[in-house]
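Going letter by letter, the sequence shown gives residues 824 to 972 in this note's numbering.
Built from N, CA and C at the ideal position, the CB exists for glycine as well.
Notes follow once the structure below has been shown.
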Amino acid sequence: VYAGGYEQEEHAAEAFDIAALKCKGRRVKTNFEIGKYADLLGCIGKMSMEELVMAVRRQSQGFSRGSSSYRGVTHHPSGRWEARIGVPGSKHIYLGLFAEEADAARAYDRALVRLRGRGAATNFALSDYRTEMADYHQMQSRTLKADER
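Printed below as a string of structure tokens:
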């Protein structure tokens, strides 16, 4: 499981520990004492492995961000937040301008989930995008049927 790229060894070790706790439970050998993660243990248990990995990756230096703390979002000269998504064969697709940074991030996430499904590295929990996930599966189904013809 790739947990992201970290400049500090301690942060990489923490990411490993969090993933290990999810996979193997509280008895797993961790780099740091388990008490360090006491506040996270409840959340770890409630998240799917996929959601946990995305959350850990979002904390890494390898998770691309522009002038925003969210992926796919930049601050526009107008003072609003712009959402864009990169698509193979096209530089970027403009998704709109938003008054709130988090709204722009959600627009990015929705577009990304429709393109990549469970492989989407979203800003927020993948479980927030059930409708978009259904759209992705429907599109995949149509593509398979078209390929069969």
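Comparing alpha-carbon positions, the option among Ser883, Ala836, Thr853, Lys869 lying closest to Gly827 turns out to be Ser883.
Straight-line spacing of the CA atoms in Ile908 and Thr954 works out to 19 Å. Only buried fits Glu837, as 16 or more other CB atoms lie within 10 angstroms of its CB. By the criterion of a C-beta distance shorter than 7 Å, Ala948 is surrounded in its chain by Glu874, once the five residues flanking it on both sides are discounted. DSSP links Ala906 through a beta bridge to Val896, Gly919. Exposure of Ala922 is indicated by the presence of fewer than 16 other C-beta atoms within 10 angstroms of its C-beta. Using a 10 angstroms sphere on the CB of Glu905, the tally of other CB atoms reaches 16 or more, which defines it as buried.
In the DSSP assignment, Glu832 falls within the alpha helix (DSSP H) that extends over 832-847. Buried is the label assigned to Gly895, since at least 16 other Cβ atoms lie within 10 Å of its Cβ. If you check the CB distance, Tyr825 and Arg881 do not come in under 9 Å.
In this structure, DSSP gives Ser950 a helical state, which the three-state scheme calls helix.
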